[in-house]
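Chains as they are written, first to last, in our numbering: chain A, 15 to 193; chain B, 15 to 193; chain C, 15 to 193; chain D, 15 to 193; chain E, 15 to 193; chain F, 15 to 193.
Take a look at the structure:
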């Protein structure tokens with residue numbers, strides 16, 4: 015973790031493990047979705063902090079699906095990492111698993127993307143350092159991050175279709191299918 | 015709130031007001047995004063409960079943008095309501111404001127959509143009762159909910175383009191613009 | 015909420031909605047009284063803040079009766095508003111309901127009065143702006159607040175019987191009944 | 015604490031000591047009143063439990079004055095005891111001190127009275143065992159509890175003036191003064 | 015608690031009473047060990063604060079055994095006091111009891127020793143005032159504290175056997191037994 | 015994580031990452047020792063759960079030294095693993111680091127040993143499965159765990175010197191040095 019080291023994806027990785035307590039759950043003893051979103055935000059913030067080395071704030075969360083209920087007493091594992099940097103913003107990917115330690119089973123629960131922005135002490139956005147993917151999987155996520163960003167901006171109404179660049183092929187494919 | 019009453023949107027409405035305490039904030043004294051997502055989930059769950067009158071669980075959250083930082087000591091107001099029911103699932107709309115009570119200013123912070131599913135005591139999905147929009151604004155939200163649901167299913171890979179119904183015009187418009 | 019607007023009772027109104035979680039309850043799964051007093055204090059503080067636009071601190075709480083147990087999983091609604099201002103202090107009225115969302119029933123649980131004092135940054139009392147009741151009900155509460163204040167001061171030993179003004183008729187009536 | 019032992023006031027005594035953390039405080043770093051009412055309720059519940067040896071629930075709180083702000087980092091000491099039993103209900107007295115451990119000063123902050131009711135497993139009131147005051151001070155509190163109970167019932171509109179017994183002399187004195 | 019008063023052990027004594035809530039417990043409804051260690055640390059910090067009259071930080075915890083499970087709804091009593099001062103550090107002794115208020119039984123759960131260090135506003139260790147044991151039991155604890163400190167330093171590898179002073183006889187006895 | 019898999023040390027490993035919030039800290043903004051002991055207990059419990067696949071309870075904690083203060087806003091990383099199983103009990107090793115993400119520095123804060131016991135649904139101890147160390151470092155920890163256990167039992171007064179087996183050489187060395 016020396017300050018001079020190259021800023022790799024690996025450096026930003028965070029693993030958070032929690033056991034689900036009564037107050038985390040609803041009346042059926044299942045973890046509340048909002049409680050999980052809160053833990054995911056803390057993990058994502060730590061990844062952003064580790065990469066940008068300054069305060070980072072949540073700018074947006076892409077849509078999240080809750081695929082599998084998590085029960086009281088189960089163990090939740092959240093893994094996060096910065097996929098790509100866009101000047102002041104960073105895409106952080108989160109993968110969430112739940113473990114039933116009695117049955118010795120582990121299942122994927124969520125895959126989500128949070129966007130964080132690095133800020134100065136007056137909370138104004140400042141550039142974050144570029145990130146260097148190393149493995150093929152990290153390179154793939156790096157590329158996909160650009161497409162997700164365009165989709166994000168289109169959904170938020172901040173990007174017009176004619177200005178789309180990375181998503182172009184996907185959209186042409188859509189049009190072709192529809193033909 | 016009599017059991018026999020017609021299930022209107024108004025009946026599902028929930029107002030939650032909170033004051034931001036130190037533990038809700040990051041190092042700059044601004045509310046953490048995940049903490050707000052947690053409060054929003056609780057408000058949305060109350061709207062779903064008030065409509066379906068049985069336990070409801072978070073199925074998904076549409077993408078959320080955090081437009082304005084909320085500071086320690088400020089007051090947060092969250093308003094939620096069920097927009098539309100799709101058999102077992104409900105779209106809940108949330109609008110979030112922050113108030114600086116000293117300056118007597120109030121600003122919009124978020125607009126978000128959570129999807130909840132009504133479940134039985136074994137957490138299996140069960141049909142939720144239909145909802146009746148009354149005002150023009152509620153009718154508009156009811157219509158928009160169907161388009162948002164198709165977008166949601168497409169983004170989740172569960173709906174193919176040729177099966178799209180409500181979004182059709184929007185997409186044809188997109189293709190035409192691009193032409 | 016513009017700073018120039020007339021300070022009405024309506025501007026001070028706060029609605030807080032909460033769902034009762036396991037840690038809010040005693041061994042029988044009923045909400046602890048102190049936990050409700052805490053939520054009521056937060057709602058009252060928000061009403062005082064919205065009226066005085068500066069930090070406000072709890073000066074006293076009138077006696078509170080807990081009329082109906084609230085169960086885990088039920089929804090609590092707290093409504094608060096400033097009834098009247100007495101130079102630096104404000105009477106805040108709170109009404110608390112509990113909802114059994116399954117049975118679709120709602121019942122009143124409490125009616126309480128908290129007194130808040132507006133303070134400067136050294137926590138010294140400072141005058142709060144006068145409040146303007148608008149509806150007949152608000153005017154009635156405004157009048158009753160003066161009587162409650164005299165009772166409060168008498169019970170606290172800070173007002174002698176001969177100095178009572180608003181309560182005079184009530185007390186004469188008591189004496190006459192006793193005759 | 016043997017089950018056969020005589021039920022004295024001393025057996026019901028509870029001492030609770032807490033250090034004030036950031037989340038207990040308002041924007042000026044002073045403890046929120048509601049947070050103190052919550053701690054007082056927990057201490058009072060323990061005194062009631064120790065006397066009645068079954069679940070006890072808060073029935074009411076007499077008016078409480080907050081005489082002295084308590085600062086973050088200060089130590090709060092709450093002492094509680096059952097003063098008297100009235101069939102199913104118990105008056106619990108609480109005295110609260112704050113300590114500035116740096117300045118080595120200690121000051122009284124509150125004196126309050128909570129009423130608890132012993133309940134069975136369906137939350138229905140059941141008789142609590144009688145209590146035996148031992149010291150002169152405990153006997154004095156025992157007598158005063160009866161007067162406070164009448165005042166409580168009168169304020170709640172449940173006792174008419176002509177049925178007052180213990181408060182009679184105090185009221186006649188009031189009338190005489192007013193003459 | 016006057017600043018001029020002699021610094022006795024009694025002045026440092028702290029009693030903390032808590033009722034065990036759902037979130038304090040594991041899946042079997044028993045209090046988690048770490049939750050108890052947290053409460054003990056708060057009680058010990060208050061004893062250290064009361065003696066040193068400045069911020070004190072936890073330097074170490076001697077080994078702790080959890081002899082008896084504590085159940086949800088039971089009452090925990092923690093008593094702490096400073097046994098002895100070693101220039102900047104203080105040994106704080108803690109005794110923990112659990113009460114089953116229904117069965118009217120009380121049992122010892124733990125005896126533990128925390129070491130605190132008095133610090134200045136930059137968190138640098140500063141001397142704490144000497145303490146004056148008064149009762150025979152306090153004198154005994156004062157003597158035992160020196161032996162425990164040597165054992166602590168030996169276990170931490172900071173004291174060599176030849177420099178041991180208070181433990182000498184115990185160790186010679188060990189060697190003799192082994193002979 | 016298949017149930018049939020060999021029970022290795024690696025399977026029991028847990029990584030917990032947390033960011034230090036205001037309520038975790040004392041008046042100087044440093045993390046309270048008891049708060050860290052609580053997080054460490056949760057991590058250790060997860061390691062024990064992952065190995066024994068049934069509820070596990072904290073039996074004891076070896077002495078812990080707090081070598082380096084952790085500041086608000088810093089990131090804490092706790093790594094835990096089961097070192098060895100002794101019929102019903104397991105030694106869990108914890109290593110704690112703190113990261114100053116701004117300065118990009120990471121320092122070791124603690125190394126600690128918690129002992130957990132596997133229990134049945136009536137909280138009675140039951141045998142835990144044996145563990146298989148794989149790497150040289152895991153084998154070394156496996157051996158050291160036996161010595162630490164003897165020391166633990168001696169310090170708890172449950173093992174006499176003449177019955178010591180694994181610690182024998184260390185003690186003879188001590189006697190020789192002293193000679």
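C-beta: ideal position from N, C-alpha, C; glycine also.
| Item | Value |
| --- | --- |
| Starting from residue 26 of chain B, follow the alpha helix (DSSP H) in both directions and report where the run begins and ends. | 23 to 26 |
| For the stretch 23 to 35 of chain F against the stretch 29 to 45 of chain A, do three or more pairs of beta-carbon atoms, one drawn from each stretch, fall closer than 8 Å, so that the two count as touching? | yes |
| Chain B beta carbons: is any one of them nearer than 8 Å to that of residue 56 of chain C? | yes |
| Who are the near neighbours of residue 96 of chain C in its chain, counting only those whose CB is closer than 6 Å to its CB and skipping five residues on each side? | 26, 61, 65, 104, 106, 145 |
| At 8 Å on the CB atoms, spell out the chain D contacts of residue 37 of chain B, in chain order. | 36, 37 |
| So, are the CB atoms of residue 99 of chain D and residue 113 of chain D less than 8 Å apart? | no |
| Going residue by residue through the stretch 99 to 185 of chain C, where are the continuous alpha helix (DSSP H) segments of at least 4 residues, counting only ones entirely within it? | 150 to 169 |
| Determine the DSSP secondary structure at residue 20 of chain E, reduced to helix, strand or coil. | coil |
| State the CB to CB distance for the pair residue 52 of chain A and residue 42 of chain B, rounded to an integer number of angstroms; the pair is presumed to be in contact (CB under 8 Å). | Between residue 42 of chain B and residue 52 of chain A the Cβ distance is about 18 Å, and since that is not below 8 Å, they are no contact. |
| From residue 123 of chain B to residue 49 of chain F, what distance separates their C-alpha atoms? | 33 Å |
| Span of the beta strand (DSSP E) holding residue 74 of chain B? | 70 to 75 |
| Rounded to whole angstroms, what is the Cα-Cα separation between residue 40 of chain C and residue 35 of chain E? | 8 Å |
| Residue 196 of chain B to residue 56 of chain D, Cα distance in whole Å? | An answer regarding residue 196 of chain B cannot be provided, because it is not within the stretch 15 to 193 covered by chain B. |
| Looking at the C-beta of residue 41 of chain D, does it have a partner C-beta in chain B at a distance below 8 Å? | yes |
| For residue 74 of chain A, count neighbouring Cβ atoms within 10 angstroms of its own Cβ and tell me buried if that reaches 16, exposed if not. | buried |
| Give the residues from the stretch 60 to 83 of chain D that approach chain C closer than 7 Å (Cβ to any Cβ), ordered along the chain. | 69, 71, 72, 73, 74, 75, 76, 77, 78, 79, 80, 83 |
| What does DSSP give as the partner residue(s) for residue 85 of chain F in the beta ladder? | F:44 |
| Give me the chain A residues within the contact set of residue 52 of chain B, using Cβ-Cβ distance strictly less than 7 Å, ordered along the chain. | 48, 49, 51, 52 |
| Compare the C-beta of residue 87 of chain C with all C-beta atoms of chain A and state if any pair is closer than 8 Å. | yes |
| Could you have a look at residue 92 of chain C and say whether DSSP puts it in helix, strand or coil? | strand |
| Cα separation between residue 135 of chain A and residue 68 of chain A? | 9 Å |
| Cβ closer than 7 Å: which chain A residues qualify as neighbours of residue 29 of chain F? | 29, 31 |
| Do you know how far the Cα of residue 179 of chain C is from the Cα of residue 192 of chain D? | Low local confidence applies: a pLDDT of 49 at residue 192 of chain D is under 50, so the model's placement there is unreliable, with the coordinate-based value given in what follows. When rounded, the distance between both Cα atoms is 13 Å. |
| Looking at residue 45 of chain C: is its Cβ nearer than 8 Å to the Cβ of residue 108 of chain C? | no |
| Suppose the cutoff is 7 Å on Cβ atoms and the five residues either side in sequence are ignored; what does the same chain contact list for residue 159 of chain C look like? | 97, 98, 105 |
| Looking only at DSSP bridge pairs, what is residue 33 of chain D linked to? | D:89 |
| Report the rounded CA-to-CA distance for residue 94 of chain F versus residue 47 of chain C, giving the unit in angstroms. | 40 Å |
| I need the straight-line Cα distance from residue 80 of chain C to residue 130 of chain D, nearest angstrom please. | 10 Å |
| Got a sec: is the Cβ-Cβ distance from residue 95 of chain B to anything in chain C below 8 Å? | no |
| So if I threshold CB-CB distances at 8 Å, which residues from the stretch 108 to 125 of chain A count as touching chain F? | 113, 115, 116, 117, 118, 119, 120 |
| Against residue 170 of chain F, what residues of chain E qualify as contacts under a CB-to-CB distance less than 7 Å, listed in chain order? | 79 |
| Quick check: is the beta carbon of residue 135 of chain C nearer than 8 Å to any beta carbon in chain D? | yes |
| Please list, in chain order, all residues of the same chain as residue 177 of chain D whose beta carbon is under 8 Å from its beta carbon, the five residues on each side excluded. | none |
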